[in-house]
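Visitor:
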Amino acid sequence: MADLKAVLRRARTTIDRAEAGLCVSCATALQRRATTEERPFVYRIAGDEFALLGLEVMTCPKCGEETASIPRIDRLHARIAEILVQSPRPLTGKEIRFMRNHAELSAKSFALLLGVSPEHLSRVENERTATLGLATDR
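The opening position of the sequence shown corresponds to residue 9 in our numbering, with each subsequent residue numbered one higher.
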């Protein structure tokens, strides 16, 4: 129970700092910046990085941490899914997990669609096995 209270206390501190415009890592006042082609916001998901423009970013001048409010994130995730599907290379485990979560499918349902066992899918998603196999890598 003490661990749960500590987790909740840390979560409350994080929320309080964010609402006050403070860095959640070091409590320094955040500064606003607009993204540019020279300095985009780097959105990291599924082991990939995407440079985003047209956002207002909050930057910590002390530790360099950045946060951005991304409007219509569901549309961004749909576009990322399209990019991954069109990729000529086999997807990584993180990318496969992203696709499954984006499709809102359980591991069991997704494995069935791909024609692999849920255990094999788990090994791929956790990067203990490199690929799903030739039939599904296309």
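C-beta atoms are modelled at their ideal positions from N, C-alpha and C, and glycine is treated no differently. Because the structure is a prediction, the values reported are computed rather than measured.
Just tell me which of Val65, Ala111, Pro98, Met66 has its CA closest to the CA of Arg83.
Guide: What you label residue 83 is simply residue 75 of the sequence shown in a count that begins at 1. The residue with the shortest Cα to Cα distance from Arg83 is Ala111.
Visitor: Would a C-beta distance cut-off of 9 Å place Gly29 and Ala19 closer than the cut-off?
Guide: Taking the sequence shown and counting its residues from 1, one reaches residue 29 at position 21. Taking the sequence shown and counting its residues from 1, one reaches residue 19 at position 11. The answer is no: Cβ separation not under 9 Å.
Visitor: Taking the CB atoms as reference points, tell me whether Ile88 and Ala59 lie closer together than 9 Å.
Guide: Here residue 88 corresponds to residue number 80 of the sequence shown, with the count starting at 1. Here residue 59 corresponds to residue number 51 of the sequence shown, with the count starting at 1. No, the Cβ-Cβ distance between Ile88 and Ala59 is not below 9 Å.
Visitor: Contact defined as beta carbons within less than 8 Å: I believe Thr43 pairs with Val15. What is the distance between those atoms, to the nearest angstrom?
Guide: The residue given as residue 43 occupies position 35 in the sequence shown. The residue given as residue 15 occupies position 7 in the sequence shown. That belief does not hold up - the Cβ atoms of Thr43 and Val15 are roughly 33 Å apart, past 8 Å.
Visitor: Would DSSP call Val65 helix, strand or coil?
Guide: Residue 65 sits at position 57 when you count from the first residue of the sequence shown. Strand at Val65.
Visitor: Using beta-carbon positions only, say whether Arg108 and Glu133 come within less than 9 Å of one another.
Guide: Locating residue 108 in the sequence shown gives position 100, where the first residue counts as 1. Locating residue 133 in the sequence shown gives position 125, where the first residue counts as 1. Yes. Within cutoff.
Visitor: Below 9 Å between beta carbons: does that hold for Glu74 and Leu92?
Guide: Along the sequence shown, read from residue 1 onward, the residue named residue 74 stands at position 66. Along the sequence shown, read from residue 1 onward, the residue named residue 92 stands at position 84. It is not a contact, given that the beta carbons lie outside the stated cut-off.
Visitor: What number of angstroms, rounded off, separates the C-alpha of Cys71 from the C-alpha of Thr22?
Guide: For this step, residue 71 is matched to residue 63 along the sequence shown. For this step, residue 22 is matched to residue 14 along the sequence shown. Approximately 16 Å, taken between the alpha carbons.
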